[in-house]
Amino acid sequence: MSAGKAIRSTAYIVVSIVVGIVVGLILQKDAAPLGSVGKFYIDLIKAVATPLLFFAILDAIVSSEVRWKSARRFLGVVVINTTIAATIGLTIANVFKPGKHLVLGAQVQNSSISEIAKSHKVNILGFIENLLPKNIVEPFATSNILSVAFLAVLIGCALRSFKNLNEPWVADWERIVHGGYRLSEKVITWLVSLTPLAIGAVIAKSVGENGFAHLLELIPYVGFVILGLCIQTFIVYPIWLIIKKRVSLRDFWREATPPVLNAFGINSSLATLPLTLKALDNLGISKESSRMGACIGTNLNNDGILLYEAFGVIIVSQAIGLDLSLSSQITIALMCVLTALGIAGVPEAGIISLAIILGTLGYSADVLLPILLTVDWIIARMRSVTNVVADMTTSIVIDDHPATTGLISVS
Numbered sequence: 006m007s008a009g010k011a012i013r014s015t016a017y018i019v020v021s022i023v024v025g026i027v028v029g030l031i032l033q034k035d036a037a038p039l040g041s042v043g044k045f046y047i048d049l050i051k052a053v054a055t056p057l058l059f060f061a062i063l064d065a066i067v068s069s070e071v072r073w074k075s076a077r078r079f080l081g082v083v084v085i086n087t088t089i090a091a092t093i094g095l096t097i098a099n100v101f102k103p104g105k106h107l108v109l110g111a112q113v114q115n116s117s118i119s120e121i122a123k124s125h126k127v128n129i130l131g132f133i134e135n136l137l138p139k140n141i142v143e144p145f146a147t148s149n150i151l152s153v154a155f156l157a158v159l160i161g162c163a164l165r166s167f168k169n170l171n172e173p174w175v176a177d178w179e180r181i182v183h184g185g186y187r188l189s190e191k192v193i194t195w196l197v198s199l200t201p202l203a204i205g206a207v208i209a210k211s212v213g214e215n216g217f218a219h220l221l222e223l224i225p226y227v228g229f230v231i232l233g234l235c236i237q238t239f240i241v242y243p244i245w246l247i248i249k250k251r252v253s254l255r256d257f258w259r260e261a262t263p264p265v266l267n268a269f270g271i272n273s274s275l276a277t278l279p280l281t282l283k284a285l286d287n288l289g290i291s292k293e294s295s296r297m298g299a300c301i302g303t304n305l306n307n308d309g310i311l312l313y314e315a316f317g318v319i320i321v322s323q324a325i326g327l328d329l330s331l332s333s334q335i336t337i338a339l340m341c342v343l344t345a346l347g348i349a350g351v352p353e354a355g356i357i358s359l360a361i362i363l364g365t366l367g368y369s370a371d372v373l374l375p376i377l378l379t380v381d382w383i384i385a386r387m388r389s390v391t392n393v394v395a396d397m398t399t400s401i402v403i404d405d406h407p408a409t410t411g412l413i414s415v416s
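In our numbering, the protein residues as written are 6 to 416.
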């Protein structure tokens, strides 16, 4: 996404918020039907998100060109970072419990949504059961992200094992996989362009029925999410840099500033990749490590999304009056990791992944999720910043080559 498109997208959202408030104040209770627009939007996103997740994981496995030694080091850093991110999200949600104070949550607790969610138990055994598909079609028909991710990894590894054969049919399948990913990405991009319309409609309904109460009660929610992302970005990653001693914090932030500001402005870690690679090159990081940490990391190293997912699921659970055990929360964290794979570069990836996780858990979040959508455009920018800093940090940590400079090709 270019800077011009990013500015226009942000302007559309701001205008939609203003228009939504005005329409809500004018129509008041008559604005209630507009809430269906938000529900339809979430349903469409969930429908396309499942094949997108499948092809994203599959494409990442098939197309990556890495050495096993480098891959092990990379995966080790990613596992540690994702564990920390999920822990931060879960800890903040459990300590401050902002979901329990949502006025809308009190309404949902008395609805059938709450009863359905409470009847759907989350545990390790259920996690394993959902991981293994009954057939190849069922995971896509039911939007079961665990089975979809499992199938993607299984098929991806099988297809990758044939890469050395240099046979035409292998290349054909690789093109099909990449084409499926690009096609799903294009459709989801079209749907994301409707975000301002959905936000305006949901705000009109919310303001019309409840004034500004629902919007104001989301301030703590936004604040705590950003707090978690700031801890991950400005405390966890600098600790890695201090331990590695490859570059100083001053040099790191000097070079990281352009990609960070760009990611915040255009809300995309993928679109920021050229600036990220240039910053790593200026820091003397090898091309191999930069491609591993930034190019592959853009698809797999999604701490910002993961932290948001873990936090968001607990908040929704609190809002509907559902208390989750520690084992249930660990299971949810594992689901968040699988969902975050390969989806970071997609616009509005956070709200998309949160929607499919809630669906897999049996939560009918048609009431709460559209409301959270109204503030996600703010949170998404900080998520992109976290993902970019994560990619840069990972590249530095896994780099054991002598310091080098030279422009890195994005291709």
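Using N, Cα and C, we set each Cβ at its ideal position, and we do this for glycine too.
Since the structure is predicted, the reported quantities are computational estimates derived from the model, not experimental observations.
- Item | Bounding residues of the alpha helix (DSSP H) (the contiguous stretch that carries Asn287) | Here residue 287 is taken as the residue at index 282 of the sequence shown, counted from 1. Note, Asn287: alpha helix (DSSP H), Leu278 to Asn287.
- Query: Taking the alpha-carbon positions, what's the Gly309 to Lys102 distance?
  - Reply: Here residue 309 corresponds to residue number 304 of the sequence shown, with the count starting at 1. Here residue 102 corresponds to residue number 97 of the sequence shown, with the count starting at 1. Roughly 20 Å separates the two Cα atoms.
**Asked** CA-CA distance, Trp3 and Val402?
**Response** With the chain covering only 6 through 416, there is no way to say anything about residue 3.
Mind checking which residues open and close the alpha helix (DSSP H) that includes Glu222?
Position 217 of the sequence shown holds residue 222. Premise fails: Glu222 is in no alpha helix (DSSP H) and is neither H nor E.
| task | Kindly examine the ligand MN and report whether one of its heavy atoms sits closer than 7 Å to the Cβ of Glu214. | result | With respect to the ligand MN, the structure shown offers nothing to examine, as it has no ligands at all.
Q: Report buried or exposed for Ile118, applying the criterion of at least 16 other Cβ atoms within 10 angstroms of its Cβ.
A: Stepping through the sequence shown from its first residue, residue 118 is reached at position 113. Residue placement at Ile118 cannot be trusted, given a pLDDT of 44 that sits under 50; what the coordinates show is reported in the next sentence. When all chains shown are included, Ile118 counts as buried.
To the nearest angstrom, report how far apart Leu437 and Gly289 are at their CA atoms. Here the chain covers residues 6 to 416 and nothing more, so residue 437 does not appear.
* To do: Go through its chain and collect everything with a Cβ distance to Ile236's Cβ below 6 Å, but skip five positions before and after it.
  => For the purposes of this step, residue 236 is taken as the residue at position 231 of the sequence shown. Around Ile236: Ile93.
Task: Proximity of Ser389 and Ser273 at Cβ, strictly below 8 Å - done: Here residue 389 corresponds to residue number 384 of the sequence shown, with the count starting at 1. Here residue 273 corresponds to residue number 268 of the sequence shown, with the count starting at 1. It is a contact, given that the beta carbons lie within the stated cut-off.
For Ala146, is the classification buried or exposed, using 16 other Cβ atoms within 10 angstroms of its Cβ as the cut-off for buried?
For this step, residue 146 is matched to residue 141 along the sequence shown. Looking at its Cβ environment, which holds fewer than 16 other Cβ atoms inside 10 Å, Ala146 is exposed.
Checklist entry - Are there three or more Cβ pairs, one per stretch, closer than 8 Å when the region 29-43 is compared with the region 203-220? => result yes
In terms of alpha-carbon separation, which member of Leu232, Pro56, Met297 and Ser68 lies closest to Met397? Locating residue 397 in the sequence shown gives position 392, counting from the first residue. Taking Met397 as reference, the option from Leu232, Pro56, Met297 and Ser68 with the minimal CA-CA separation is Met297.
Practice task
Please go through the same chain and pick out, in chain order, the residues whose beta-carbon is closer than 6 Å to the beta-carbon of Leu107, but skip the five residues on each side of it.
Solution key: To locate residue 107, count along the sequence shown from 1; it is residue 102. Only Glu222 and Ala324 meet the Cβ criterion.
Notebook entry, point to check: Mapping DSSP to helix, strand and coil, what is Asp308?
Noted result: On the sequence shown, residue 308 is found 303 positions in, with the first residue counted as 1. In this structure, Asp308 counts as helix in the three-state DSSP scheme.
**Item:** Sub-8 Å separation of Leu278 and Ala299 beta-carbons
**Value:** Numbered from 1 along the sequence shown, position 273 holds the residue referred to as residue 278. Numbered from 1 along the sequence shown, position 294 holds the residue referred to as residue 299. It is a contact, given that the beta carbons lie within the stated cut-off.
* Asked: Any idea if Arg187 is buried or exposed, counting beta-carbon neighbours within 10 angstroms, 16 or more meaning buried?
  -> Taking the sequence shown and counting its residues from 1, the one referred to as residue 187 is at position 182. Its Cβ having fewer than 16 others within 10 Å, Arg187 is exposed.
Please return the same chain residues whose Cβ sits closer than 7 Å to the Cβ of Thr230, not counting the five positions on each side in sequence. Counted from its first residue, the sequence shown places residue 230 at position 225. A small fix is needed here, since residue 230 is Val in this sequence, not Thr. Answer for Val230: Tyr313, Phe316 and Ile384, listed in chain order.
Query - Segment contact flag, the region 77-89 with the region 177-192, C-beta cutoff 8 Å, min 3 pairs - result: no
Exercise. Are the CB atoms of Ile337 and Gly104 nearer to each other than 8 Å?
Worked result: As a working note, residue 337 is residue 332 in the sequence shown. As a working note, residue 104 is residue 99 in the sequence shown. Going by C-beta atoms, Ile337 is not nearer than 8 Å to Gly104.
(message) Measuring only the C-alpha atoms, how far is Ile376 from Val393?
(response) As a working mapping, residue 376 is identified with position 371 in the sequence shown. As a working mapping, residue 393 is identified with position 388 in the sequence shown. Using only the alpha carbons, I get a separation of about 27 Å.
Buried or exposed, going by whether 16 or more other CB atoms sit within 10 Å of the CB of Gly81?
As a first step, residue 81 is located in the sequence shown; it is residue number 76 there, counting from the start. It is exposed - the Cβ of Gly81 has fewer than 16 other Cβ atoms within 10 Å.
message: Tell me whether the region 157-167 and the region 20-31 touch, counting them as touching only if at least three CB pairs, one residue from each stretch, are closer than 8 Å.
response: no
Note to self: With three or more beta-carbon pairs closer than 8 Å as the criterion, would you say the region 53-72 touches the region 187-204?
What the structure shows: yes
Own chain residues within Cβ distance below 7 Å of Thr238, not counting five before or after:
Counted from its first residue, the sequence shown places residue 238 at position 233. So the list reads Val390, Thr391 and Val394, once near-sequence residues are dropped.
(request) Tell me where the alpha helix (DSSP H) around Ser294 begins and ends. (result) Here residue 294 refers to the residue found at position 289 of the sequence shown. Start and end: Lys292 to Ser295.
Whole-Å CB distance - Ser322 paired with Leu329, under 8 Å assumed | Translated into positions along the sequence shown, residue 322 becomes position 317. Translated into positions along the sequence shown, residue 329 becomes position 324. Their Cβ separation, rounded to whole angstroms, is 5 Å, which keeps Ser322 and Leu329 in contact under 8 Å.
Since I believe Leu220 is in contact with Thr379 (beta carbons under 8 Å), could you give me their beta-carbon distance rounded to a whole number of angstroms?
-> To locate residue 379, count along the sequence shown from 1; it is residue 374. To locate residue 220, count along the sequence shown from 1; it is residue 215. That pair is a contact at about 7 Å.
*asked:* Helix, strand or coil for Phe79? Go by DSSP, reduced to three states.
replied: Along the sequence shown, one-based indexing puts residue 79 at 74. In the structure shown, Phe79 sits in a helix (DSSP, three-state: H, G or I).
Go to Glu214, then tell me how far its alpha helix (DSSP H) extends in each direction, as first and last residue. Against the sequence shown, residue 214 aligns to sequence position 209. Counting along the chain, the alpha helix (DSSP H) containing Glu214 begins and ends at Thr200 to Asn215.
| Do Gly40 and Val207 have their C-beta atoms within less than 8 Å of each other? | Position 35 of the sequence shown, counted from the start, is the residue given in the question as residue 40. Position 202 of the sequence shown, counted from the start, is the residue given in the question as residue 207. In contact: Gly40 and Val207 (Cβ atoms closer than 8 Å).
What is the rounded straight-line gap between the Cα of Cys162 and the Cα of Ala16?
In the sequence shown, counting from the first residue as 1, residue 162 sits at position 157. In the sequence shown, counting from the first residue as 1, residue 16 sits at position 11. In a straight line, the C-alpha of Cys162 is about 43 Å away from that of Ala16.
On the CB-based measure, 16 or more other CB atoms within 10 Å of its CB, does Leu331 come out buried or exposed?
Taking the first residue of the sequence shown as 1, we reach residue 331 at position 326. Looking at its Cβ environment, which holds fewer than 16 other Cβ atoms inside 10 Å, Leu331 is exposed.
* To do: Would you mind stating whether Leu339 and Ile47 have Cβ atoms separated by less than 8 Å?
  => By 1-based counting over the sequence shown, the position of residue 339 is 334. By 1-based counting over the sequence shown, the position of residue 47 is 42. Their beta carbons are not under 8 Å apart, which means Leu339 does not touch Ile47 by this criterion.
Pick out whichever of Leu49, Ile362, Asp404 and Ala360 has its Cα sitting closest to the Cα of Leu199. Within the sequence shown, the letter at position 194 stands for residue 199. Of Leu49, Ile362, Asp404 and Ala360, the residue nearest in Cα terms is Leu49.
According to DSSP, is Thr398 part of a helix, a strand, or is it coil?
Here residue 398 refers to the residue found at position 393 when the sequence shown is read from its first residue. Here Thr398 sits in helix by DSSP.
Give me, in chain order, the residues of the same chain whose beta-carbon lies closer than 6 Å to that of Ala209; leave out the 5 immediate sequence neighbours on both sides. Start at 1 with the first residue of the sequence shown, and residue 209 comes out as number 204. So the list reads Gly25, Val28, Gly29, Ala36 and Leu39, once near-sequence residues are dropped.
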